[in-house]
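With our numbering, letter number 192 in the sequence shown gets 261, and the count goes up by one each step, no holes.
Even for Gly, the Cβ is constructed at its ideal location relative to N, Cα and C.
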Amino acid sequence: MTMANKKQEVPAAQIIDGKAVAKKLRESIKRHVEVLIEDHKILPGLAVVLVGDDPASAIYVNNKEKAAKEVGMRGFVHRLPQNTSQDEILKLIAQLNADKKVHGILVQMPLPKQIDSATILKTIDPAKDVDGLHIENMGRLMADLPGLVPCTPMGCIVLMKTIQQNLTGLHAVVIGRSHLVGKPVGQLLLRENCTVTTCHSRTPNIAHIAREADILVVAVGKPKLVKADWVKPGAIVIDVGINRTDEGKIVGDVDFDAVSKVAGYITPVPGGVGPMTIACLLGNTVAAACRQNELTVPHIG
Ligand code: NAD
């Protein structure tokens with residue numbers, strides 16, 4: 070075979086191990102919790118509110134409670150029945166806002182249909198809003214002011230930085246523009262001096278735009294949306310999607326097998342972004358406990 074017709078070998082992407090990165094992050098958070106307890110007599114407390122009996126939400130809440138305890142924090146879980154009224158939830162949030170033992174409050178979404186989620190979110194004290202979804206924290210993110218940043222976007226940035234510490238000048242393409250993921254991750258990438266392009270359901274020719282990306286973040290909720298020919302060789306691909314197939318398998322938004330032959334680095338699903346979300350929630354609780362006690366917020370991640 071001559072060199073001319075020899076097929077070029079494309080190296081397989083390096084897998085970004087979110088489980089391992091999240092474990093290291095939790096270990097670092099545990100050490101910060103120990104310092105808060107020993108040096109400042111502050112035991113960080115995370116309150117989680119679960120309304121109703123959605124099985125997926127119940128698992129998420131149990132995982133958060135367990136993770137909080139594992140790093141030495143206090144976890145308070147309030148499990149309320151499906152028919153709880155909005156006023157009852159608002160009353161509970163007012164109590165948690167006033168409780169000095171509670172440094173972080175998280176209301177598990179989605180809420181039953183009689184509850185207006187926006188009203189609930191804006192009632193949480195922004196200083197305790199460890200999900201970073203209060204409008205004040207969103208504004209702080211836009212204005213480059215210190216605040217609490219949504220956990221999944223923060224986890225995406227930590228993962229990218231395990232590959233390349235300095236992201237300055239890279240072109241990042243984000244697919245998805247939700248309040249929860251797409252918008253905040255774009256804002257955090259701007260903070261890292263990336264050039265950011267956001268694509269969404271109405272963007273024509275996404276494949277062409279995605280192929281320009283040094284960093285491609287996908288947060289849509291559609292299995293195998295991103296194909297191999299959407300990806301620039303060597304790119305960092307962060308797959309936020311969590312989808313359950315008809316066979317009951319959990320997959321992301323990226324066609325993993327095909328894309329991993331082209332990308333330089335890729336997060337798997339499960340085991341990529343998912344584990345980072347809870348670790349960053351714990352990091353936010355430490356940050357909130359520090360700010361509420363006028364202590365310097367440690368760098369975690
Ligand atoms: P969302 O439904 O709020 O937003 C989806 C976004 O995708 C929208 O902005 C929409 O414009 C865009 N979109 C829809 N169809 C599109 C298409 N064909 N092409 C391009 N863009 C399209 O969802 P979300 O809350 O941002 O979540 C996105 C995915 O990430 C879901 O699968 C969700 O389960 C997952 N998720 C994972 C974590 C985690 O911890 N790993 C956390 C949050 C969300």
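When the five nearest sequence neighbours on each side are left out, the beta carbons in the same chain lying within less than 6 Å of the beta carbon of residue 177 are those of 119, 126 and 130, in order along the chain.
For residue 300, the shortest C-beta to heavy atom distance toward ligand 1 is 7 Å or greater. Exclusion of the five residues before and after residue 264 leaves 240 as the residues of its chain whose Cβ lies within less than 6 Å of its Cβ.
The C-beta distance from residue 187 to residue 145 rounds to 24 Å, too long to meet the 8 Å contact threshold. Distances from the CA of residue 246 to each of 230, 226, 268 and 231 were compared; the closest alpha carbon is that of 268. For residue 353, the CB stays at least 7 Å from every heavy atom of ligand 1. Distances from the CB of residue 186 to the heavy atoms of ligand 1 are all 7 Å or more. Nearest C-alpha to residue 106 among 140, 92 and 252: 140.
In this structure, DSSP gives residue 342 a state outside helix and strand, which the three-state scheme calls coil.
Of the candidates 207, 161 and 224, 207 places its Cα closest to the Cα of residue 216. Taking C-alpha positions only, residue 311 is separated from residue 224 by approximately 15 Å. In the DSSP assignment, residue 251 falls within the alpha helix (DSSP H) that extends over 251-260. Under the three-state reduction of DSSP, residue 279 is assigned to helix. Residue pairing by DSSP places residue 145 opposite 116 in a beta bridge. Under a 10 Å Cβ-count criterion, residue 308 is classified as buried, with 16 or more other Cβ atoms of the shown protein chains found around its own Cβ.
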